[in-house]
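One structure is given here, and the rest of the page talks about it.
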Amino acid sequence: MSQVAAETRSFEAEVAQVLHLVTHSLYSHKEIFLRELISNASDACDKLRFEAIAAPELLSGDGELRIEVSWDADARTVTVRDNGIGMGRDEVVANIGTIASSGTRRFLEAMSGEQKADARLIGQFGVGFYSGFVVADRVTVLSRRAGAAAEEGVKWESDGQGQYTLEPVELPARGTTVILHLKPDEDEFLAGWKLRSLVHRYSDHVAFPIRMPKDAADEGGEADAEQWETVNSASALWTKPRTEISDEDYQGFYKALGHDFNDALAWTHNRVEGSQSFTTLLYLPAQPPFDLMMGGRDERKGLKLYIKRVFVMDAAEELLPSYLRFVRGVVDADDLPLNVSRELLQQNRQLDRIRGACVKRVLDLVEKLARDEPEKFAAFHKAFGNTLKEGIVEDAGNRERVAKLLRFASTKGEGGAQTVSLDDYIGRMAVGQDTIWYVTADSHAAAAGSPQLEAFRSRDIEVLLMSDRIDEWMLGSLREYAGKKLQHVAKGELPLDAADREKQDEAAKAAEPLLQKLKGLLGDRVADVRVSARLTDSPSCLALADHDMAPHFVRLLREAGQEVPESRPTLEINPQHALVKRVETETDEAKSQDLASLLLEQAEIAAGAPLADPAAFVQRMNRVLLGS
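If you want the working numbering, it's the 1-based position in the sequence shown plus 76.
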């Protein structure tokens, strides 16, 4: 073949930024480099094993897939080699020197603002290779694609300062070798015991043998073929009986799988036998994975699909609904075809059963936490409660189960904590109450301070205080629970007894002249003005029609560029309030106009609606305060 001359290239800007962040921010987690390089090597072996199903000749001459870790104290190098799929010249450029996938850019987005560098980010965003520059001032990569000729090998080298060199090289075997030329102060990684301990800690459950020189060669780090030994368990953990797996084993596998330094919060491991057989090992992280925040709904990689222990693809989208995208784990199926493509997978009926089983196992696990380990469940809900709420809309079949797991703040809760379940609320209902009442706002303080709650408090009726952005959207699908209707406190009529209803009717009749005056002053700014049964202390509030969205949610949608139909609010007043009485007795037209506008505007502010003209509001407020 015609050789391509060696050349020097510059990294794309985003890659250069990643290198800078990695080398200057991850000093407290230097050892991450070995975990990430071994993880990449394992992926390369997985890819070759999968491609060899259709092309067995790719394994010709070297069928035992493995990873080798060695070191050379004299040359000050650590080497990680695999005999996996390897890379050609273009693949090396695409995978290392450029931003071929969105991972690098999303890594930078996650690191922007107040985010600090976190070792979990490296692997989750597919930029683990760059962690080698944490301990090395120069990195050399030698790679040859499986099936390619020896002279089609490629050598990549860089000091991480902005450029890299690329040149052809003859390589006798397929696979990839990464050589780290260590910085002067990184001697700890030139000891065999240190490297072995890192393999045991982070990579013990990699499903391919990780080999290192035996102890007899510990000083030199290089060995003949007979002197290599396997230093990891090299087995698929999920294939073992649960009785043979310790909690430490489960946690170690999770950390390698999820690129996480923290322990998993909980896990569930199950084997289904029968006409369709498969194994699931599913984890709940203790903290939100970063891809949960960075566009994770569209590109999810938390769940790996194996078929007969052969890795096939990251298939989170097909195996779990979006609202469970925080789950990490593996699914190993016996009955799917090994050559299945993503398109075929989406149409596979057998997958429906596996997907249903995964959802059931996850919800079972969360329910068990809620029942048996309240502290762990509280941590889970704090991390993933909002994501779980998406299931109310997306998963009608499990809507009741998901709703049972949600927790909310309440007028009878403690300190604004989201600790009240819908079952708790129903258990405290007064005799004859058939409605779960709630209020939504853009903060807990705004919800707790809503004037619409006054009558409920005076009647000792509990109200759920919902202040998460997703709540209003979720409630569009959660209309009832356990046979009880959910209703916003600003909608519909309050539960009044006959005596209270009669008083309300009398108050409305007596206030009719005032209502007409306010309607005339406010004109088409309101749909109606009426006497409120909700208010005991405040002068006014907004009431909503049954299908109206809360004003604060309308504002959020418009800020996000969504079109929302215009609607006029209904103003409710408290005729006994001094400010309302002042409107009633005021004879000056201009002052009456100011007072009426302030009644409406303060109700809008309390409901989270934007003021149409804030400057005019300030001027009106000043005129009223100064009595002018």
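Using N, Cα and C, we set each Cβ at its ideal position, and we do this for glycine too.
Inter-residue Cα distance where the pair is residue i and residue j
{"i": "residue 228", "j": "residue 250", "result": "10 Å"}
{"i": "residue 433", "j": "residue 346", "result": "10 Å"}
{"i": "residue 606", "j": "residue 647", "result": "7 Å"}
{"i": "residue 691", "j": "residue 494", "result": "37 Å"}
{"i": "residue 321", "j": "residue 312", "result": "11 Å"}
{"i": "residue 192", "j": "residue 127", "result": "Here the model assigns residue 192 a pLDDT of 44, short of 50, so the residue's position is not dependable, and the following value carries that caveat. The alpha-carbon atoms of residue 192 and residue 127 are separated by roughly 39 Å."}
{"i": "residue 672", "j": "residue 574", "result": "31 Å"}
{"i": "residue 289", "j": "residue 146", "result": "7 Å"}
{"i": "residue 631", "j": "residue 125", "result": "53 Å"}
{"i": "residue 159", "j": "residue 541", "result": "58 Å"}
{"i": "residue 85", "j": "residue 148", "result": "29 Å"}
{"i": "residue 279", "j": "residue 365", "result": "20 Å"}
{"i": "residue 213", "j": "residue 550", "result": "51 Å"}
{"i": "residue 587", "j": "residue 594", "result": "11 Å"}
{"i": "residue 431", "j": "residue 379", "result": "11 Å"}
{"i": "residue 598", "j": "residue 579", "result": "26 Å"}
{"i": "residue 656", "j": "residue 568", "result": "23 Å"}
{"i": "residue 152", "j": "residue 245", "result": "23 Å"}
{"i": "residue 316", "j": "residue 325", "result": "11 Å"}
{"i": "residue 553", "j": "residue 472", "result": "9 Å"}
{"i": "residue 389", "j": "residue 132", "result": "19 Å"}
{"i": "residue 548", "j": "residue 525", "result": "18 Å"}
{"i": "residue 505", "j": "residue 559", "result": "13 Å"}
{"i": "residue 516", "j": "residue 546", "result": "10 Å"}
{"i": "residue 399", "j": "residue 437", "result": "14 Å"}
Member of the options whose CA lies at the smallest distance from the CA of residue i
{"i": "residue 508", "options": "572, 665 and 439", "result": "572"}
{"i": "residue 409", "options": "403, 383 and 392", "result": "383"}
{"i": "residue 287", "options": "431, 600, 142 and 237", "result": "142"}
{"i": "residue 705", "options": "406, 166 and 664", "result": "Outside the shown range of the chain (77 to 704) lies residue 705, about which nothing can therefore be said."}
{"i": "residue 482", "options": "453, 566, 129 and 525", "result": "453"}
{"i": "residue 457", "options": "360, 623 and 517", "result": "360"}
{"i": "residue 444", "options": "524, 480 and 533", "result": "480"}
{"i": "residue 283", "options": "224, 222, 386 and 318", "result": "386"}
{"i": "residue 218", "options": "237, 172, 260 and 258", "result": "172"}
{"i": "residue 476", "options": "247, 333 and 498", "result": "498"}
{"i": "residue 544", "options": "525, 277, 274 and 463", "result": "463"}
{"i": "residue 281", "options": "223, 685 and 118", "result": "118"}
{"i": "residue 634", "options": "665, 620 and 685", "result": "685"}
Buried/exposed call for residue i, threshold 16 Cβ in 10 Å
{"i": "residue 661", "result": "exposed"}
{"i": "residue 718", "result": "The structure shown does not extend to residue 718, since the chain is modelled only from 77 through 704, so no value can be given for it."}
{"i": "residue 610", "result": "buried"}
{"i": "residue 264", "result": "exposed"}
{"i": "residue 356", "result": "buried"}
{"i": "residue 585", "result": "exposed"}
{"i": "residue 779", "result": "Not covered by the structure: residue 779. The range shown for the chain is 77 to 704."}
{"i": "residue 534", "result": "exposed"}
{"i": "residue 589", "result": "exposed"}
{"i": "residue 698", "result": "exposed"}
{"i": "residue 343", "result": "buried"}
Residues near residue i by beta carbon distance below 6 Å, same chain, minus five either side
{"i": "residue 216", "result": "233 and 255"}
{"i": "residue 157", "result": "144 and 253"}
{"i": "residue 561", "result": "511"}
{"i": "residue 492", "result": "485 and 520"}
{"i": "residue 208", "result": "109, 215 and 256"}
{"i": "residue 122", "result": "387"}
{"i": "residue 167", "result": "none"}
{"i": "residue 439", "result": "477"}
{"i": "residue 653", "result": "615"}
Cutoff 8 Å; reference residue i; Cβ partners in own chain excluding five residues on either side
{"i": "residue 429", "result": "352"}
{"i": "residue 527", "result": "610, 611, 613, 614, 616, 617, 679 and 682"}
{"i": "residue 563", "result": "511, 512, 513 and 514"}
{"i": "residue 83", "result": "241, 242 and 243"}
Same chain, Cβ closer than 7 Å to residue i, neighbours up to 5 away in sequence not counted
{"i": "residue 189", "result": "Its pLDDT being 45, under 50, residue 189 is placed unreliably by the model, and the measurement read from it follows with that caveat. None."}
{"i": "residue 613", "result": "530"}
{"i": "residue 608", "result": "617, 648, 649 and 650"}
{"i": "residue 116", "result": "204 and 205"}
{"i": "residue 305", "result": "287, 288 and 290"}
{"i": "residue 426", "result": "352, 411 and 412"}
Supposed contact pair residue j and residue i - C-beta distance, whole angstroms, cut 8 Å
{"i": "residue 211", "j": "residue 262", "result": "5 Å"}
{"i": "residue 455", "j": "residue 358", "result": "With 8 Å as the limit, residue 455 and residue 358 do not qualify as a contact, their Cβ atoms being about 17 Å apart."}
{"i": "residue 601", "j": "residue 676", "result": "6 Å"}
{"i": "residue 338", "j": "residue 362", "result": "5 Å"}
{"i": "residue 717", "j": "residue 401", "result": "The chain is shown from 77 up to 704; residue 717 falls before or after that span and cannot be answered."}
{"i": "residue 107", "j": "residue 274", "result": "5 Å"}
{"i": "residue 565", "j": "residue 532", "result": "6 Å"}
{"i": "residue 330", "j": "residue 336", "result": "7 Å"}
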